[in-house]
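Heads up: the structure comes next, in structure tokens.
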């Protein structure tokens with residue numbers, strides 16, 4: 377069965393068959409691929425006079441075209457997403473840091489590194505305060521954690537080969 381011009385197939389081998397091209401964003405001459413240009417135009421790039429671009433699906437996940445209740449509107453040729461992201465404080469979920477202490481003199485595992493009478497919460501209990509703090513902590517308690525580097529942001533994947541039909545049946549419009 378002949379493919380529709382502009383049809384994209386996912387292949388399990390690493391080359392495009394005759395009449396197909398890899399979906400790698402390459403720029404094509406309108407004069408040589410007029411039927412394909414008539415189908416996809418400059419949706420994926422090009423100047424529209426002498427050139428147009430094929431979709432670039434290298435290291436990308438395709439997302440279905442569409443609009444509907446509960447869906448973000450997606451238009452043909454739109455792209456987005458990030459390979460890696462940096463987590464910032466504003467991206468963390470709301471949470472609290474509480475400190476549970478033991479009354480002075482009742483710490484069964486006390487050793488010479490434990491504060492003696494000047495420890496926080498000498499009466500014990502859960503210490504928590506809403507709003508701005510009104511006390512200072514020893515600077516060694518406030519050291520930052522983490523390296524600040526972006527982390528990988530990909531779902532599990534399997535590499536395959538997206539190719540687009542350069543020739544075939546011109547798709548009829550509804």
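Numbering (my numbering), first residue to last: 377 to 550. The C-beta atom is built at its ideal place from N, Cα and C for all residues, glycine as well.
Collapsing the DSSP output to three states places residue 406 in coil. Assignment of residue 528 by DSSP, reduced to helix, strand and coil, places it in the strand class. Counting the other CB atoms within 10 Å of its CB gives residue 533 a total below 16, which places it among the exposed residues. The three-state secondary structure of residue 435, taken from DSSP, is coil. For residue 538, the enclosing beta strand (DSSP E) begins and ends at 537-541. Here residue 382 is buried. Its C-beta has 16 or more other C-beta atoms within 10 Å. When secondary structure is reduced to three states using DSSP, residue 545 falls in the strand class. The alpha-carbon separation between residue 417 and residue 464 amounts to approximately 40 angstroms. DSSP places residue 463 in no beta strand (DSSP E); its state is neither H nor E.
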